[in-house]
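Asks:
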Amino acid sequence: MRIFVLFSILILTFTGCTSVKYQRMQNERDTRRETYEDIRRKVTRERNFLAGDMIGEWEFLEMVVEGSDASEDLLKAQAALTASKLKGFRLRFWKGSDTSYYYRIENLISKSYGKYVTRRVYWGDAPQTARLYLYPISGSHISDLIFNFTKIRTKIMEVSVKETRLDFGLNLGMVLSPDGWLRRGNIRCSFQRIE
118 MRIFVLFSIL ILTFTGCTSV KYQRMQNERD TRRETYEDIR RKVTRERNFL
168 AGDMIGEWEF LEMVVEGSDA SEDLLKAQAA LTASKLKGFR LRFWKGSDTS
218 YYYRIENLIS KSYGKYVTRR VYWGDAPQTA RLYLYPISGS HISDLIFNFT
268 KIRTKIMEVS VKETRLDFGL NLGMVLSPDG WLRRGNIRCS FQRIE
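Note that this note's numbering has the sequence shown beginning at 118, numbered continuously upward.
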């Protein structure tokens with residue numbers, strides 16, 4: 118009987134240790150799964166942030182050179198000339214049945230359409246801005262039509278949506294002057310929602 122009791126105690130002790138070890142492994146697995154899901158949700162929120170807010174039809178409103186440390190009179194004149202050519206320029210954004218986002222230039226001679234993706238730039242209380250990546254299927258790239266006069270070759274613009282206004286932004290970077298490096302500022306191209 119004594120051997121039976123000792124053997125039972127040994128089995129219970131071994132079973133208890135195994136159960137604790139199994140429970141610890143299960144908790145680690147659950148923690149890893151939760152961490153993975155949190156990261157996946159964060160990446161999903163970051164990708165296509167504002168893409169749904171862009172859906173609709175937009176018409177060109179204005180083009181402004183802002184935030185420059187340097188005198189950019191020539192750039193401002195070129196922006197005004199480009200703005201006069203963009204009067205009536207319309208863009209349409211929509212979501213396809215395959216969950217991709219699409220864009221199309223509505224009423225210019227250079228027809229263009231393709232897919233677009235947005236990625237969030239700021240987190241927290243910062244302005245709701247994203248980077249806009251355009252993948253033309255046919256025709257010209259929107260950034261070439263809008264910002265070609267800057268001599269900056271870019272396929273990525275910043276985008277923000279505020280109620281009935283859509284802004285595309287292009288950072289012009291820095292320029293070396295006799296007084297040192299100066300910020301050239303940004304160009305903001307604004308559209309108003311018409312649909």
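Every residue, glycine too, gets a C-beta built ideally from N, C-alpha and C.
Let me know the beta strand (DSSP E) ranges lying completely inside the segment 193-251, each 3 residues or longer, listed in chain order.
Replies: 207-212, 218-222, 230-237
Asks: Is D284 helix, strand or coil by DSSP?
Replies: strand
Asks: Give the C-beta separation of N288 and N303 to the nearest angstrom, bearing in mind that I take them to be a contact with Cβ-Cβ under 8 Å.
Replies: 5 Å
Asks: With H, G and I counted as helix, E and B as strand and the rest as coil, what does DSSP make of N303?
Replies: strand
Asks: So the candidates are A194, L283, D155, G173; which of them puts its Cα closest to the Cα of G213?
Replies: Nearest Cα to G213 within the set A194, L283, D155, G173: G173.
Asks: Determine the burial state of N165: buried for a count of at least 16 other Cβ atoms within 10 Å of its Cβ, exposed for fewer.
Replies: buried
Asks: Roughly how many angstroms lie between the CA atoms of I259 and A187, to the nearest whole one?
Replies: 27 Å
Asks: Closest to V182 by CA distance: which of R221, D190, E176 is it?
Replies: D190
Asks: Anyone know if the C-beta pair for Y218 and K232 falls short of 9 Å?
Replies: For Y218 and K232, yes; Cβs fall inside 9 Å.
Asks: For S255, does the three-state DSSP call read helix, strand or coil?
Replies: Three-state result, S255: strand.
Asks: When DSSP labels each residue in this structure, what does L262 get in the three-state scheme?
Replies: helix
Asks: Under the rule that 16 or more other beta-carbon atoms within 10 Å means buried, what is I311, buried or exposed?
Replies: exposed
Asks: What separation, rounded to the nearest whole angstrom, lies between the Cα atoms of Q143 and I126?
Replies: 25 Å
Asks: Could you tell me how far apart the beta carbons of S277 and G256 are, in whole angstroms, since I believe they sit closer than 8 Å?
Replies: With a Cβ gap of about 25 Å, S277 and G256 do not count as contacting.
Asks: Let me confirm a value: I254 is counted as buried when at least 16 other C-beta atoms fall within 10 Å, else exposed. Which label applies?
Replies: That one is exposed.
Asks: Please name the residue or residues paired with R270 in a DSSP beta bridge.
Replies: Note: R270 sits in no beta bridge, so no partner.
Asks: Quick check: what's the CA-CA separation for Y153 versus R248?
Replies: 25 Å
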